[in-house]
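Going by this note's numbering, the letters in the sequence shown line up with residues 424 to 755, in that order.
Even for Gly, the Cβ is constructed at its ideal location relative to N, Cα and C.
Quantities reported herein were computed from a predicted structural model and do not represent experimental measurements.
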Amino acid sequence: MQTDAQKLAVAPSTYVRMSYLEAIIQAQIEEMELDERVILMGEDAAVYGGDKLLERFGNRVWSTPISEGSFTGVAVGAAINGLRPIVDLTIASFVYLASDQIINQASKLRYMTGGQIAVPLVVRACMYSMKSVAAQHADRPYPFFMNVPGLKIISPTSPADIKGLLKSAIRDGDPVLVFEDTRLWPLKGDVPTNPERIIPIGKADMKCEGKDVTLIAIAGAIRPTMQAVDALAKQGISVEVIDPRTLKPLDHEAFKKSVAKTGRLVIVEDAHPVCNVGSEIAAVMVEEAFDLLKRPILRLSAPDIHVPFSPSLENDFYPTTERIVAAVRRLL
Numbered sequence: 424m425q426t427d428a429q430k431l432a433v434a435p436s437t438y439v440r441m442s443y444l445e446a447i448i449q450a451q452i453e454e455m456e457l458d459e460r461v462i463l464m465g466e467d468a469a470v471y472g473g474d475k476l477l478e479r480f481g482n483r484v485w486s487t488p489i490s491e492g493s494f495t496g497v498a499v500g501a502a503i504n505g506l507r508p509i510v511d512l513t514i515a516s517f518v519y520l521a522s523d524q525i526i527n528q529a530s531k532l533r534y535m536t537g538g539q540i541a542v543p544l545v546v547r548a549c550m551y552s553m554k555s556v557a558a559q560h561a562d563r564p565y566p567f568f569m570n571v572p573g574l575k576i577i578s579p580t581s582p583a584d585i586k587g588l589l590k591s592a593i594r595d596g597d598p599v600l601v602f603e604d605t606r607l608w609p610l611k612g613d614v615p616t617n618p619e620r621i622i623p624i625g626k627a628d629m630k631c632e633g634k635d636v637t638l639i640a641i642a643g644a645i646r647p648t649m650q651a652v653d654a655l656a657k658q659g660i661s662v663e664v665i666d667p668r669t670l671k672p673l674d675h676e677a678f679k680k681s682v683a684k685t686g687r688l689v690i691v692e693d694a695h696p697v698c699n700v701g702s703e704i705a706a707v708m709v710e711e712a713f714d715l716l717k718r719p720i721l722r723l724s725a726p727d728i729h730v731p732f733s734p735s736l737e738n739d740f741y742p743t744t745e746r747i748v749a750a751v752r753r754l755l
């Protein structure tokens, strides 16, 4: 039985302030402690915070040669045989090299075997935008994989969301791709300490409530979007911001609920414009919620050219705060 002193004692904090990258590491630590089947492999497995995992879990963390197709294939095989691998591809452009294993094997085996083979695999891929890493290291390839049945895709934007969603991904019975934007890695926020606190895949989050225009921001686009919200508020314009968090499946109901209130929609992302997330959201909104729209849907994205090496050209490559503000004002 608790004493009166114990009852009156301040309850321990259920949140800890940490960065986005620290939340990723913490999610992996917790899941590896909870389930000995969880393993981690990748060519930079001991870098970017991975040294803590190596010290703690030893031979469950595998540093691999630079051969993305090979070690992703090993992970698919390990998943089929009962483990729950996390593959860290480090740079999102490298996911193309592993795409045969992800698309032709991981995404299809449950379907092709009538449900007899499951592939509980997580693939992490980091999008290094605004780093002058040039075209072969700066892609945002998530639209490419959205066209593949059998895959789930997440791309959260806050420390709490990446922890909760990454834990869901590790516990999922099917392959999940995690696209992180490295511009979010240093972002700090309050993160739940409860290891059972997870965020379900497929649920969007309202980051800011408003009544004039809905802004849907994908991954790293959330930062200029929130700056645009502040700038527009000073002009008396109220903007609602929705973060999909999961790109496949998308939370269509959350989008429709917001647009039912505002009647106007702008979608912001850093991918190229052809067949990107904005294309999919716009198509669904026109098919299912056309009557809610007071004005045409606007999309902001990177241009249909490869990412330039030049810092001065790259600075204006992705949607900026000024372009987002201008797009919102066009709809009013």
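### Task
Go through its chain and collect everything with a Cβ distance to R460's Cβ below 7 Å, but skip five positions before and after it.
As a first step, residue 460 must be located in the sequence shown, where it is residue number 37. These residues qualify, in order along the chain: G505, L506 and R507.
### Query
What residues in its chain sit with their C-beta under 8 Å from that of V689, if we drop five residues either side in the sequence?
Locating residue 689 in the sequence shown gives position 266, counting from the first residue. Excluding the 5 residues flanking it on each side, V689 has same chain C-beta neighbours closer than 8 Å at V636, T637, L638, I639, I720, L721, R722, L723, I747, A750, V751 and L754, in chain order.
### Coarse secondary structure for L431, derived from DSSP in three states
For the purposes of this step, residue 431 is taken as residue 8 along the sequence shown, with counting starting at 1. Model confidence at L431 stands at a pLDDT of 45, short of 50, so the residue's coordinates are unreliable; what they give is reported in the following sentence. Assigned with DSSP and collapsed to three states, L431 falls in helix.
### Task
For K590, decide whether its Cβ has a neighbour in chain B, counting only Cβ atoms nearer than 7 Å.
Among the chains of the structure shown, chain B does not appear; only one protein chain is present.
### Message
Between which residues of its own chain and I621 is the CB-CB distance below 6 Å, once the five residues before and five after are set aside?
### Response
Reading the sequence shown from its first residue, position 198 is the one you call residue 621. If we look at I621 and ignore the five residues flanking it on each side, its Cβ neighbours are G587, K590 and S591.
### Residue range of the beta strand (DSSP E) that includes D511
Against the sequence shown, residue 511 aligns to sequence position 88. DSSP places D511 in the uninterrupted beta strand (DSSP E) bounded by R507 to I514.
### Task
Please classify L736: is it buried, with 16 or more other beta-carbons within 10 angstroms of its beta-carbon, or exposed?
The sequence position of residue 736 within the sequence shown is 313, counting from 1. It counts as exposed.
### Query
Helix or strand or just coil, what does DSSP make of M424?
Taking the first residue of the sequence shown as position 1, residue 424 is located at position 1. For M424, the predicted structure reports a pLDDT of 49, less than 50, and the residue's modelled location is therefore unreliable. The matter cannot be settled from this model.
### Beta-carbon gap between A583 and G612 smaller than 7 Å
Residue numbering aside, residue 583 sits at position 160 when the sequence shown is read from its first letter. Residue numbering aside, residue 612 sits at position 189 when the sequence shown is read from its first letter. Result yes, Cβ atoms of A583 and G612 sit closer than 7 Å.
### Query
Where do the ends of the alpha helix (DSSP H) carrying V461 lie?
Residue 461 sits at position 38 when you count from the first residue of the sequence shown. No alpha helix (DSSP H) contains V461, which is instead part of the beta strand (DSSP E) from V461 to G465.
### Task
Determine the direct distance from the alpha carbon of Q658 to that of E374, and round the result to whole angstroms.
One cannot answer for residue 374 here, as it falls past the ends of the chain, which runs 424 to 755.
### Closest by C-alpha distance to P572, when choosing among L607, M441 and Q528
In the sequence shown, counting from the first residue as 1, residue 572 sits at position 149. Nearest option by C-alpha distance: Q528.
### Query
By the 10 Å Cβ neighbour count, where 16 or more other Cβ atoms means buried, how is F602 classified, buried or exposed?
The count along the sequence shown starts at 1 and reaches residue 602 at position 179. By the neighbour-count criterion, in which a residue is buried when 16 or more other Cβ atoms sit within 10 angstroms of its Cβ, F602 is buried.
### Query
What residues in its chain sit with their C-beta under 6 Å from that of D467, if we drop five residues either side in the sequence?
Start at 1 with the first residue of the sequence shown, and residue 467 comes out as number 44. If we look at D467 and ignore the five residues flanking it on each side, its Cβ neighbours are T513.
### Query
Whose C-alpha, out of I593, I585 and E632, is nearest the C-alpha of P609?
Indexing the sequence shown from 1 puts residue 609 at position 186. Just measuring C-alpha positions, the residue of I593, I585 and E632 sitting nearest P609 is I585.
### Query
Counting along the chain, where does the beta strand (DSSP E) carrying E632 start and finish?
Numbered from its first residue, the sequence shown carries residue 632 at position 209. For E632, no beta strand (DSSP E) run applies, since DSSP gives it neither H nor E.
### Query
In terms of DSSP beta bridges, what is S486 paired with?
Position 63 of the sequence shown holds residue 486. Bridge partners of S486: G465.
#### Entry: Continuous beta strand (DSSP E) stretch holding D597: start and end
Counted from its first residue, the sequence shown places residue 597 at position 174. Segment: none, D597 is in no beta strand (DSSP E) and carries neither H nor E.
### Query
Thinking C-beta only, is P647 closer than 7 Å to T580?
Position 157 of the sequence shown holds residue 580. Position 224 of the sequence shown holds residue 647. Contact: no.
### Query
Candidates L457, Q449 and L544: which alpha carbon is nearest F839's?
No answer is possible for residue 839: the residues shown for the chain start at 424 and end at 755.
### Task
Using 10 angstroms around the beta-carbon of K575, count the other beta-carbons present and answer buried if the total reaches 16, otherwise exposed.
Walking along the sequence shown from the start, residue 575 turns up at place 152. Classification for K575: buried.
#### Entry: 7 Å CB neighbourhood of D458 in its chain, flanking five on each side removed
Position 35 of the sequence shown holds residue 458. Hits under 7 Å: R507.
### Query
Distance, Cα to Cα, D714 vs I704?
For this step, residue 714 is matched to residue 291 along the sequence shown. For this step, residue 704 is matched to residue 281 along the sequence shown. Going by the C-alpha atoms only, they are around 15 Å apart.
### Task
Measure the C-alpha to C-alpha separation of A686 and A651 and round it to an integer number of angstroms.
What you label residue 686 is simply residue 263 of the sequence shown in a count that begins at 1. What you label residue 651 is simply residue 228 of the sequence shown in a count that begins at 1. In the sequence as displayed, the identity of residue 686 is Gly instead of Ala. Taking the straight line from one Cα to the other gives about 19 Å.
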